[in-house]
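Visitor:
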Amino acid sequence: MKVSIAFERASHVNSGTSVDPEELPWPETEGRVMRHPLLHLESDPRGEMTHYGGLVLAQQFVRRFGVAQRLDSSLRLFRRHAPYHESDHVLALAYTLYADGRCLEDQAVLQGSEAVRRLVGACRIPDPTTAGDFLRRFKTVQDVEQLSAVIDEVEEAVWSKLSRKVRRRRKKHEFALVDLDGHVKPLYGVQKEGADFSYDGRWSYQPLVVSLGGSGECLKVVNQPGSARPSDAAAEALKEVLPRVRRHFRNAIVRGDTDFDRSDVFNAVIDEGAYFAIAARLYRKRAALVEAIVEESWKPFVPRADREERSRPSRHVRTPNWRRQKAAVRSFRTLRTIKQWVSEIAYQPHGLGAPCRMIVRRVLIEENDGQGALFTHFRYRLVLTNLPRSYTPRQVIDLTYQRCDQENVIEQFGHGIAGWRMPVAEFMGNSAWLEIARLAWNLGKWIAQIALPREVVRWEWKRFRRHFVYIAAKVLKTGRRLVVRLAGSHRFLPDILTAHVRLQT
2 MKVSIAFERA SHVNSGTSVD PEELPWPETE GRVMRHPLLH LESDPRGEMT HYGGLVLAQQ
62 FVRRFGVAQR LDSSLRLFRR HAPYHESDHV LALAYTLYAD GRCLEDQAVL QGSEAVRRLV
122 GACRIPDPTT AGDFLRRFKT VQDVEQLSAV IDEVEEAVWS KLSRKVRRRR KKHEFALVDL
182 DGHVKPLYGV QKEGADFSYD GRWSYQPLVV SLGGSGECLK VVNQPGSARP SDAAAEALKE
242 VLPRVRRHFR NAIVRGDTDF DRSDVFNAVI DEGAYFAIAA RLYRKRAALV EAIVEESWKP
302 FVPRADREER SRPSRHVRTP NWRRQKAAVR SFRTLRTIKQ WVSEIAYQPH GLGAPCRMIV
362 RRVLIEENDG QGALFTHFRY RLVLTNLPRS YTPRQVIDLT YQRCDQENVI EQFGHGIAGW
422 RMPVAEFMGN SAWLEIARLA WNLGKWIAQI ALPREVVRWE WKRFRRHFVY IAAKVLKTGR
482 RLVVRLAGSH RFLPDILTAH VRLQT
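The numbering used here puts the first residue of the sequence shown at 2, with every later residue one more than the last.
Following this line, the structure appears as C-alpha cells:
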C-alpha cells in the first residue's frame, strides 16, 4: 500500500527557467561578452533604495496574520514602552535573521536603511545593544513559553488558511511526520549560563528540535544544558505538539533515533492517540529475541535508494566509484553491504502496557582489506512502532529512515538563519533567541506554502534569499500610499507579485 504523508519531497532542480537560444541577445561586435566598461559611482541622498525588497512578503505576512498584535497581547516584559513594544524587538530580530543577519550587530543594517524603515512602517528600528537587553528580560520559563505559544497560534492560523484542497487532503489522508532530534551546540564563552559538558566532552548546549517532515517547519525547540539528553524534554514537547498537529492532519507519526527509545516518549505518543516509528537500541534481551528468529521469517529487503536507482533509465556510461577504487589501491579496510533481510516480531518495551511491533533489519556486511574479502558478519537494525499491520515492514523502515532529512533542517537552522548563535550569556535569553529564530525560520516556510511555488518550501535558505529576499527595490511614499517598486529584471518577479496578492487575500 502507498503511505500517504505530508509534503512529498519536491525537486531541488530549478524548473521553468530555461530560455530559448533564439531569444537570447547577441553582442553587436566580436570579442568578449563581458566588456567591463568604466563606471562612475554616485550616491543618492534620498535613501529610498534597498536590496532587501523581498522583506515585503514577510511584512505582508506579519500584517495579515496579526503577528505584532499577538505578541503584544501575550508578552509582558516592559513596564513602560519607551518607545518600543515587545513585538518591535521580536520582529526586528526575526527580520534580521530572515534577511541574512548572523548576530545581534547585523540588526544595524536594517536600522540604518531608510527604505527598510519605510517598508515596516517605523521611524526607527531597535539598536543591537537594546536587542541584547531585550533578550535578557526573559527571566523565567513562562516568559519563553508565552513567546512560543504565540508562534504556535500563528502556525495554526497559517494551516487554516491553506488551500481547501490541501486542508482536505491533510485531514482525510495525510499523516503528519513529527521528527525528533537533538543538536550539540559548542560554546566558547565560559560564562554561558546553563552550559555543561556534553557526552563527548564539549562545553555546550544541547537543544531538542521537533520539526514537521516534508515542509521542514520547526514545531518546537527546547534549549537544554549540554549534559542533558535531547530525549529528556521529548515527552513534554510531544504533549504540546501532537494535539496541535492532530487538529489539522488525519494523524501523526513520531520518528526519532535510538536516543528516543524510552517508555515516556512512547507513552506520550500513545496517550495522544498518535503513532511512533523510532529506531531502537540492540539490548542483550532484544539481541536474544532477534537471534531466535527462524530463517524462514527473513524476507529479502532492498533499500529505497537502490529501488529508485533501478527504476530510473540506465545511463550509457556508469560513473565509477572512485572512493572504493582509491581505498582498494591503498589497502584500506572497508565495509560493504552484501544483502539485507527484514523480519518482524512482537515486543513489549519496559513501561508500556501492551506489546508493539519490532521490525528487524538484518544486514550482511563484507569486510575487505583491499586485497580481498576477510570475512562477513551480520548487523541488526531495530525499529519499534505501533503502526497497524497494513504498513508492511519495508514501509515502516522506509518511513523511519526518511527522518534523516531532519539533519538538513538542523544544519540549515544554524547555517541558514544563524539560529544556533546563542548571543547572550543568560540561559533564558538564549532560549528566547531560539524561539525568535524559529519564528524567522517558519516565516520562510509559511510564505512558501501559502503564496509561492510548491517546490520553494524545500529550498535551502541561501537559494531562497537569492530569489525572494535579495531584490533591488525602491520604497516611495506618495500621498497616502506606500509603494514598493521592485526591479523589473528579476527572474521571479511574477511569482513575487502573485505571492503579494495571495498574502493580501
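All C-beta atoms, glycine included, are put in the ideal place defined by N, C-alpha and C.
Is it right to say Ser12 is buried, meaning 16 or more other beta carbons lie within 10 angstroms of its own, or is it exposed?
Guide: By one-based count along the sequence shown, residue 12 stands at place 11. A caution first: Ser12 carries a pLDDT of 44, below 50, which makes its placement in the model too unreliable to give a value.
Visitor: Arg343 bridges to which residues according to DSSP?
Guide: If you number the sequence shown from 1, residue 343 lands on position 342. Note on identity: in this sequence residue 343 is Val, with Arg being the wrong assignment. DSSP output for Val343 lists Lys300 and Arg362 as bridge partner(s).
Visitor: For Asn409, is the classification buried or exposed, using 16 other Cβ atoms within 10 angstroms of its Cβ as the cut-off for buried?
Guide: Position 408 of the sequence shown, counting from 1, holds the residue named residue 409. Classification for Asn409: exposed.
Visitor: Does the CB of Tyr206 have a neighbour CB from chain C at under 8 Å?
Guide: Absent here is chain C; the protein component of the structure consists of one chain.
Visitor: For Arg137, which three-state DSSP category applies?
Guide: Along the sequence shown, read from residue 1 onward, the residue named residue 137 stands at position 136. Three-state result, Arg137: helix.
Visitor: Kindly provide the ranges of any alpha helix (DSSP H) runs that are 4 or more residues long and lie completely inside the region 23 to 101, ordered along the chain.
Guide: 56 to 65, 68 to 75 and 87 to 100
Visitor: Mark Ala288 as exposed unless 16 or more other C-beta atoms lie within 10 angstroms of its C-beta, in which case mark it buried.
Guide: In the sequence shown, residue 288 corresponds to position 287, counting from 1. Label assigned to Ala288: exposed.
Visitor: Starting from Tyr381, trace the beta strand (DSSP E) both ways and give me its first and last residue.
Guide: For the purposes of this step, residue 381 is taken as residue 380 along the sequence shown, with counting starting at 1. Element bounds for Tyr381: Ala374 to Thr386.
Visitor: Within a Cβ cutoff of 8 Å, which residues of the same chain sit near Leu290, ignoring the five residues on either side of it in sequence?
Guide: Taking the sequence shown and counting its residues from 1, one reaches residue 290 at position 289. Answer for Leu290: Ile346, Tyr348 and Met359, listed in chain order.
Visitor: Where does Glu218 sit, in a helix, a strand or coil, going by DSSP?
Guide: Against the sequence shown, residue 218 aligns to sequence position 217. In the structure shown, Glu218 sits in coil (DSSP, three-state: anything other than H, G, I, E or B).
Visitor: Grab the span of the beta strand (DSSP E) containing Lys478 for me, first residue to last.
Guide: Locating residue 478 in the sequence shown gives position 477, counting from the first residue. Run containing Lys478: Ala474 to Thr479, per the beta strand (DSSP E) assignment.
Visitor: Look up Ile254 in the DSSP assignment and say whether it is helix, strand or coil.
Guide: One-based indexing of the sequence shown puts residue 254 at position 253. Note: Ile254 maps to strand in three-state DSSP.
Visitor: Using DSSP with H/G/I as helix, E/B as strand and the rest coil, what is Phe333?
Guide: For this step, residue 333 is matched to residue 332 along the sequence shown. Residue state, collapsed to three classes: coil.
Visitor: Taking the alpha carbon of Pro356 as the reference point, which residue from Ser344, Leu385 and Ser88 has its own alpha carbon closest?
Guide: Indexing the sequence shown from 1 puts residue 356 at position 355. The shortest Cα separation from Pro356 among Ser344, Leu385 and Ser88 belongs to Leu385.
Visitor: In or out: Ser199 buried (at least 16 other Cβ within 10 Å) or exposed?
Guide: Translated into the one-based positions of the sequence shown, residue 199 becomes position 198. Ser199 is buried by the Cβ-count criterion.
Visitor: Taking the alpha helix (DSSP H) that Asp370 falls in, what are its first and last residues?
Guide: Taking the sequence shown and counting its residues from 1, the one referred to as residue 370 is at position 369. No alpha helix (DSSP H) holds Asp370; DSSP gives it neither H nor E.
Visitor: Report yes if the C-beta distance between Arg382 and Arg362 is below 8 Å; otherwise report no.
Guide: By 1-based counting over the sequence shown, the position of residue 382 is 381. By 1-based counting over the sequence shown, the position of residue 362 is 361. Yes.
Visitor: Mind reading off the beta-carbon distance from Ile411 to Asp182? Whole number of angstroms is fine, and I expect it under 8 Å.
Guide: If you number the sequence shown from 1, residue 411 lands on position 410. If you number the sequence shown from 1, residue 182 lands on position 181. That belief holds up - the Cβ atoms of Ile411 and Asp182 are roughly 6 Å apart, short of 8 Å.
Visitor: Does the region 221 to 229 come close enough to the region 429 to 438 to have 3 or more Cβ pairs within less than 8 Å?
Guide: Because the criterion of three Cβ pairs below 8 Å is met, the region 221 to 229 and the region 429 to 438 touch.
Visitor: In the DSSP assignment, find the beta strand (DSSP E) that holds Ile437 and state where it starts and stops.
Guide: Residue mapping note: residue 437 aligns to position 436 of the sequence shown, counting from 1. Here Ile437 belongs to no beta strand (DSSP E); instead the alpha helix (DSSP H) covers Phe428 to Ala452.
Visitor: Whose CA, out of Arg334, Lys186 and Gly195, lies closest to the CA of Asp510?
Guide: The structure shown does not extend to residue 510, since the chain is modelled only from 2 to 506, so the question has no answer here.
Visitor: Leaving out five residues before and five after Val246 in sequence, what residues of the same chain have Cβ atoms less than 6 Å from its Cβ?
Guide: As a first step, residue 246 is located in the sequence shown; it is residue number 245 there, counting from the start. These residues qualify, in order along the chain: Ala177 and Ala253.
Visitor: In the DSSP assignment, find the unbroken alpha helix (DSSP H) run with Trp204 in it and report its ends.
Guide: As a position in the sequence shown, residue 204 is number 203, starting the count at 1. From DSSP, Trp204 is part of no alpha helix (DSSP H) but of the beta strand (DSSP E) over Trp204 to Tyr206.
Visitor: May I ask which residues mark the beginning and end of the beta strand (DSSP E) holding Asp182?
Guide: Within the sequence shown, residue 182 is the residue found at index 181, counting from 1. Start and end: Phe176 to Gly183.
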